[in-house]
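Contents: one structure, followed by commentary.
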Amino acid sequence: MHAESPSQYARTNFSVGSKWVKHLSKDRLGTFLDGRYGDVNLGAVLFTERIDDSRHEQPSFEEAVKQEFVPIKKGTAFGPSCACFIRSYFTNHWVKVHLKIPSSWVKYERVQFEFDPSCEALIFDTSGTPLHGITGGYGGERRVEYVLSPEIRRKGSVDLVIEVSCNGMFGNGDMVASPDDNRWFNINSADLVVPNQEAWRLMWDFNTLRQLSDSLPGNHPLQNQALIAANKIINTFRHDDSTSISRARQVAEQVFGEGWEKKGDRIYKEGRGVVQVWGIGHCHIDTAWLWPYSVTQQKVARSWATQVDLMERFPEHRFCASSAQQWKWLEQLYPKLFDKVKAKVLSGQFHPVGGSWVENDSNMPSGEALTRQLIFGQRFFQSRFGLRSKTGWLPDSFGFTGALPQIIREADMPYFFTQKISWNNINSFPHTTFNWIGIDGSQVLTHMTPVGQSASPTWVDDVKRAIENNKNQESNDKALLVFGNGDGGGKRLRRIRAAANESRETLLPLVSMGSSVDEFYAAVEKETNEGKSLPNWHGELYLEFHRGTCIIKKGNRKSEILLREVELVATLASLQKHSYSYPKDDIDALWENLLLNQFHDVLPGSAIGMVYEDAERIYDEIARKGKKLTEDAIRVLIPSSISLPLEDGVLSELGKGRIFAVNTLHFSRKEVVTVPLIGPAVFVNSLKNEAVQVSRGGENGYVIVEVESGSMAPISLSLDTHTSRAQAFETPSGDFVLKNANIELKISKGRITSLYDVVIGRELIPEGRDGGLIIFEDKPLFWDAWDVEWYHLQTGRPLQFESPRIVETGPAYASIESIIKYDKSTIKVIISITALPATEIAGSRSNIRFDAEVDWRQRHEFLKFEIPLDIHHPTATFDTAFGNLTRPTHRNTSLDIAKFEVCGHKYADLSEYGYGLAILSESKYGFAAEGDILRISLLRSATAPDPIQDQGYNSFAWALLPHANHFYDSDVPLAAHLFNSPVHLRHVPDVVGVPAGIQMGLTHHGLITVEGARNVILETIKRGDDDDYSARWRSRDPTVILRLYEAYGGHAKTKIRIDSRIGVKKAALTNFLEDVKSELKLETAPSLDRPVGSDTEDTILSLNFRGFQVHTVKLTVAAHIAVSQLDGWINILRI
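Here's what the structure looks like:
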């Protein structure tokens, strides 16, 4: 019989052999790195050598080489954080350092300079090239080491210059508090050190094992394996035995795989072969937030210099960066670093993404502003690197308009990335990877990282969430892991390597490095059959959070409109006059500044106060320079004319002449306009004679203008017999009434109790109800300036229009004034009506206009205006970029409940069959529709992060516009445009011997008009981006760009009529980047303004639109038009 091998199992056992106490074994892991045992645990052996030498000096960078340096040492305090005596600005200090490396240190694997100023800093070489970013202090973002290159170590010494910025990674306050202007910092360390690299690797191994034990399900084999290995490491390590470190690391290999680290970046080629998680570096740098723009410029240099260094040490490292503005700052302020980054772009390691100028807010900018975000971004990337981004990148914006998919696609991008919707505080968004379909039907392949962060710290739990939180596993199992923070860090890359090896079980997904964001999306597109197997999401991506950020944005709205007008008149002037050069560089500079202020923490109002000092300065500059550009162009079109109202410097220039109205919109208008009666007596007396009405105090004249689209006309002398009279009067019962032939409003006991349609005899306010100003408590849970919560609606208190008095009684303009005293605030409101309807559309009703001037002194209160309506419909309609959105008026579901405060642009409308009412806005973006109540949000009073947000003087206007028929058959969008874009009044002097009012050759029809479809709006006329503006434009065929959109949500067939004098040679449809998509057929029709006997013909282009579609048309016009042909476009002719 065959003898069996003897068993090794012991016969006797006298040991205790207790079952392990798992939770204590797990808790024990914290002691291995804890400071309580720092003298005997792993922390005691992390550094082999350290030299503390105090020879550090402090000049400015530019003058560093010629300064007499002042010695400083560790512990030196510097500050304060804010140079408020100059203006609100974070301060900077400069330190010059000479490092001498002992020759004996050549033997060490790594030598580094450890510099901890307890704040942020940037290390330069003496030529001014940024080398590495520093984040001081002891938070999780700490990064204080600069690794010295082998060349420096061989040389034995190096001189460095360090810019020290007096701010932490998150400014100088906490997330929701204003910054500490008197914060001081200390030099915590300035040492030359030799790290014990093997000890550091053990620390990283241990941390990864600990994360595995913390993140994986309890009692899972891999979790137990990691926990056992981590405890064995503690048992193996001895702080006084250097050989114990390598033995402890061998324990870690039992989990990570034998020899895993030596494989380096080859490790990503191993494993099961199906990559689920694609890792790419990114540090989400807010262009401004808890710090001003100037600090962001430094943050960009610090972070990106570090990335270049990491790419040298980790070949697989890929890094993506958005925001062309940040790239331009780097190019302007740190050109040597820009060249290094550009080299990495061209080598495929550093990836521009997003295609936008900044990571903008996408709710409040106009459709045209959103297009410019992408036009300016894409053109910058193409001009510097010869490439365009394919992925829209807005990870942190506060919700996304339904117009965005079309805008992204028209900017040559098929993909979109975000994560912000994961912040919803009521409903969990149902998708991770999906087709986002916009309001016009355009789609973008969208991925919302299941990790839930745009700058993940890359813990094991992040890798795990990339799969566990993926809500579309049935159609796509891939996830994008976007890792890093402000200054990045090498340990993150190493940690990914540790988790990316073949020894793992299927509980953790494979992680891949070395690819781009665009490559990730291309892989998803391919494996989902070009997105056909993905679910669809239609319309806006509404963020159920940060709903309180759509209040006063006057500078943004006014700047958008001003730049539209600048481009229009400058385009016409460039075509009319040879000597006038289209000021493209100047216009682009203004656009870049406006786009900068549309960053997603600036425009919404969620930044610190000093950011708004910068923003207001930028808006003032846009207004000043834009006004001058407009004036220069109009003076080409209307020589010798003077803008009204007058400025002091031009009063003496006025003589006899006439007042003309210039309409920059592309539909006709007839309205009452106010003109201040100031200037020389001859001018004032002449104006009084032309005014339909003079104010009671004699300071203003009221004139009537009637002007076609995009043209100019003189003011009218009187109301015609068919025009109603505006009235304001007090009834015997003490009620105040504003009235004309179509609308009547009544104020009773300080509230609006009646809004009556005179034409059809319909009362719009339900019996027993009233409207007016209302104030709410505003106490969000945490994010003060960002949030307003649903419960604030339970706290409303109506305010009365106190002590109303009649100001003007008509016939052209009638008004009532009320001054409301509320707590510490004063609210002055003028409610007015004119004799004319809002638009020239048949059946149009008149606006009831509210002009408010507020001295606002409240804290945590919210001012709104509301009107209850005898109108019932389950949805209300709100203006958005290039179209409109409908939202529920009921609260049936949690999705409906979440939309208690919504973003709209120029109007919000509640309609039923046959009738409706809109609130028009000229600077507000917050609205609500609750049952039969329509509201507009006027002022908030948050105290953090800006303690004086909206405090002090505010002025704004809104209007009520009743209308016959449902919204879709109304004139609301046209009226809203008119409400936001008043006519320009010009004084035109008499031509010598000929009064200006006797004979004029004005164009009574716009040079470019839309015919046949009132639902199509011509939004933009500008010159082409690719024209050569460095020479006389007539040296080659110039181009003119038109942008049009369908505004109601239906199909349209329209014709664009282009005046014969423009001389169109060819026309094409393009995308936003002006790439030609298709040629357009040129048709002709008799000119509208042709002289008798003339056979001149205008150019006609036929266009078809689907609902909310945007078309961009490029016109190539004749390069040699005779000047005589252009005379009289909008010019005065002699008799």
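First residue of the sequence shown? That's 303 in this note's numbering, and the numbers climb one at a time after it.
The beta carbon of each residue, even a glycine, is placed where N, CA and C say it ideally should be.
Bear in mind that the values here come from a model prediction, so they are computed numbers and not experimental data.
Quick one: Cα of D1252 to Cα of W1158, how far? Counting from 1 along the sequence shown, the entry for residue 1252 is found at position 950. Counting from 1 along the sequence shown, the entry for residue 1158 is found at position 856. Cα-Cα distance, rounded: 7 Å.
Quick check: the Cα distance between K1081 and S1196, rounded to an integer number of angstroms? For this step, residue 1081 is matched to residue 779 along the sequence shown. For this step, residue 1196 is matched to residue 894 along the sequence shown. Cα to Cα, K1081 sits roughly 21 Å from S1196.
Could you check whether L1222 and L1165 sit closer than 8 Å to each other, using their CB atoms as the reference points? Stepping through the sequence shown from its first residue, residue 1165 is reached at position 863. Stepping through the sequence shown from its first residue, residue 1222 is reached at position 920. Not in contact: L1165 and L1222 (Cβ atoms no closer than 8 Å).
Reference T1188; option with closest CA among S1146, G1351, V408: Position 886 of the sequence shown, counting from 1, holds the residue named residue 1188. Nearest Cα to T1188 within the set S1146, G1351, V408: G1351.
Curious, which full-length alpha helix (DSSP H) runs of at least 4 residues does the stretch 809-846 contain? 819-829
With a cut-off of 8 Å on the beta carbons, I'd call I1135 and I1150 a contact; round off their distance for me. For the purposes of this step, residue 1135 is taken as residue 833 along the sequence shown, with counting starting at 1. For the purposes of this step, residue 1150 is taken as residue 848 along the sequence shown, with counting starting at 1. Contact holds; Cβ gap of about 6 Å.
Rounded to a whole number of angstroms, what is the C-alpha to C-alpha distance between I1108 and K990? Working through the sequence shown from its first residue, we reach residue 1108 at position 806. Working through the sequence shown from its first residue, we reach residue 990 at position 688. Taking the straight line from one Cα to the other gives about 22 Å.
Which residues does DSSP pair with A1387 in a beta bridge? Along the sequence shown, one-based indexing puts residue 1387 at 1085. According to DSSP, which records beta bridges pairwise, A1387 is partnered with D1400.
If you reduce the DSSP assignment to three classes, tell me which class K793 lands in. In the sequence shown, residue 793 corresponds to position 491, counting from 1. Residue placement at K793 is flagged as unreliable, the pLDDT there being 40, under the threshold of 50; the coordinate-derived value follows with that caveat. Helix at K793.
M505 - containing alpha helix (DSSP H), residue span: The residue given as residue 505 occupies position 203 in the sequence shown. Following the DSSP letters along the chain, one finds M505 inside the alpha helix (DSSP H) bounded by residues 499-517.
Checking the sheet assignment: what are the DSSP bridge partners for P654? Against the sequence shown, residue 654 aligns to sequence position 352. DSSP output for P654 lists A623 as bridge partner(s).
Residue environment, T428, which counts as buried when at least 16 other CB atoms sit within 10 Å: Against the sequence shown, residue 428 aligns to sequence position 126. Burial call: exposed.
Just the C-alpha distance for K1126 and I980, rounded to the nearest angstrom, thanks. Here residue 1126 refers to the residue found at position 824 when the sequence shown is read from its first residue. Here residue 980 refers to the residue found at position 678 when the sequence shown is read from its first residue. Distance between the alpha carbons of K1126 and I980 is about 35 Å.
Nearest by alpha-carbon distance to V1290: which of F539, A1244, A963, N726 is it? Here residue 1290 is taken as the residue at index 988 of the sequence shown, counted from 1. Nearest option by C-alpha distance: A963.
If you run the structure through DSSP and keep just helix, strand and coil, what is V1415? As a first step, residue 1415 is located in the sequence shown; it is residue number 1113 there, counting from the start. DSSP places V1415 in strand when its eight states are reduced to three.
Q755: first and last residue of the uninterrupted beta strand (DSSP E) it sits in: As a first step, residue 755 must be located in the sequence shown, where it is residue number 453. Counting along the chain, Q755 falls outside any beta strand (DSSP E), and DSSP gives it neither H nor E.
Quick one: which unbroken alpha helix (DSSP H) runs of 4-plus residues sit fully inside the stretch 408-467? Chain order, please. 452-457
Measure the beta-carbon distance from L592 to G441 and round it to whole angstroms, keeping in mind my assumption that it falls under 8 Å. Position 290 of the sequence shown, counting from 1, holds the residue named residue 592. Position 139 of the sequence shown, counting from 1, holds the residue named residue 441. In fact, because the Cβ distance is near 14 Å, the residues do not count as touching under 8 Å.
Buried or exposed for I723, please, with buried defined as at least 16 other CB atoms from any protein chain shown within 10 angstroms of its CB. Within the sequence shown, the letter at position 421 stands for residue 723. Classification of I723: buried, given that the 10 Å Cβ count is 16 or more.
For a quick check, are the C-beta atoms of E443 and A671 less than 8 Å apart? Taking the first residue of the sequence shown as 1, we reach residue 443 at position 141. Taking the first residue of the sequence shown as 1, we reach residue 671 at position 369. Their beta carbons are not under 8 Å apart, which means E443 does not touch A671 by this criterion.
What is the DSSP secondary structure of F380, counted as helix, strand or coil? As a first step, residue 380 is located in the sequence shown; it is residue number 78 there, counting from the start. DSSP places F380 in strand when its eight states are reduced to three.
Rounding to the nearest angstrom, what Cα-Cα distance links K321 and K328 in this structure? To locate residue 321, count along the sequence shown from 1; it is residue 19. To locate residue 328, count along the sequence shown from 1; it is residue 26. Computed Cα separation, rounded: 14 Å.
Outcome for N509 when other beta-carbon atoms lying within 10 angstroms are tallied against a minimum of 16: The residue labelled residue 509 in the question sits at position 207 within the sequence shown. Classification for N509: buried.
Please classify S317: does DSSP put it in a helix, a strand, or coil? Mapped onto the sequence shown, residue 317 falls at position 15. The answer is coil: DSSP assigns S317 none of H, G, I, E or B.
Exposure label - F1084; buried when at least 16 CB within 10 Å: The residue given as residue 1084 occupies position 782 in the sequence shown. Under this definition F1084 is an exposed residue.
On the CB-based measure, 16 or more other CB atoms within 10 Å of its CB, does Q1301 come out buried or exposed? If you number the sequence shown from 1, residue 1301 lands on position 999. In this prediction, Q1301 has a pLDDT of 31, which is less than 50 and means its spatial position is unreliable; what the coordinates show is noted afterwards. Result: exposed.
Compare the C-alpha of A626 against each of T1401, E776, E842, S691 and name the closest. On the sequence shown, residue 626 is found 324 positions in, with the first residue counted as 1. For A626, the closest C-alpha among the options T1401, E776, E842, S691 is that of S691.
Could you tell me the alpha carbon to alpha carbon distance between T1356 and I1319, rounded to whole angstroms? For the purposes of this step, residue 1356 is identified with residue 1054 of the sequence shown, where counting begins at 1. For the purposes of this step, residue 1319 is identified with residue 1017 of the sequence shown, where counting begins at 1. Taking the straight line from one Cα to the other gives about 10 Å.
Suppose contacts are defined by Cβ-Cβ distances below 8 Å. Is V597 in contact with R849 by that definition? Here the question's residue 597 lines up with position 295 in the sequence shown. Here the question's residue 849 lines up with position 547 in the sequence shown. By the CB criterion at 8 Å, V597 and R849 fall outside the cutoff.
Taking Cβ positions, are D1234 and P1176 nearer each other than 8 Å? The sequence position of residue 1234 within the sequence shown is 932, counting from 1. The sequence position of residue 1176 within the sequence shown is 874, counting from 1. No. Outside cutoff.
Tell me which residue opens and which closes the alpha helix (DSSP H) that G959 is part of. By one-based count along the sequence shown, residue 959 stands at place 657. Not the alpha helix (DSSP H): G959 falls in the beta strand (DSSP E), residues 959-964.
Could you tell me which whole alpha helix (DSSP H) segments of length 4 or greater appear in the stretch 598-646? 626-635
Beta-carbon spacing of S459, I403 below 8 Å: As a working mapping, residue 459 is identified with position 157 in the sequence shown. As a working mapping, residue 403 is identified with position 101 in the sequence shown. The answer is yes: Cβ separation under 8 Å.
What is the DSSP secondary structure of Y921, counted as helix, strand or coil? The count along the sequence shown starts at 1 and reaches residue 921 at position 619. Correct three-state label for Y921: helix.
Just the C-alpha distance for L639 and R485, rounded to the nearest angstrom, thanks. As a first step, residue 639 must be located in the sequence shown, where it is residue number 337. As a first step, residue 485 must be located in the sequence shown, where it is residue number 183. If I take the Cα positions, the gap works out to 30 Å.
Roughly how many angstroms separate the alpha carbons of Q1096 and A1244, rounded to a whole number? Locating residue 1096 in the sequence shown gives position 794, counting from the first residue. Locating residue 1244 in the sequence shown gives position 942, counting from the first residue. Here the C-alpha atom of Q1096 lies approximately 19 Å from the C-alpha atom of A1244.
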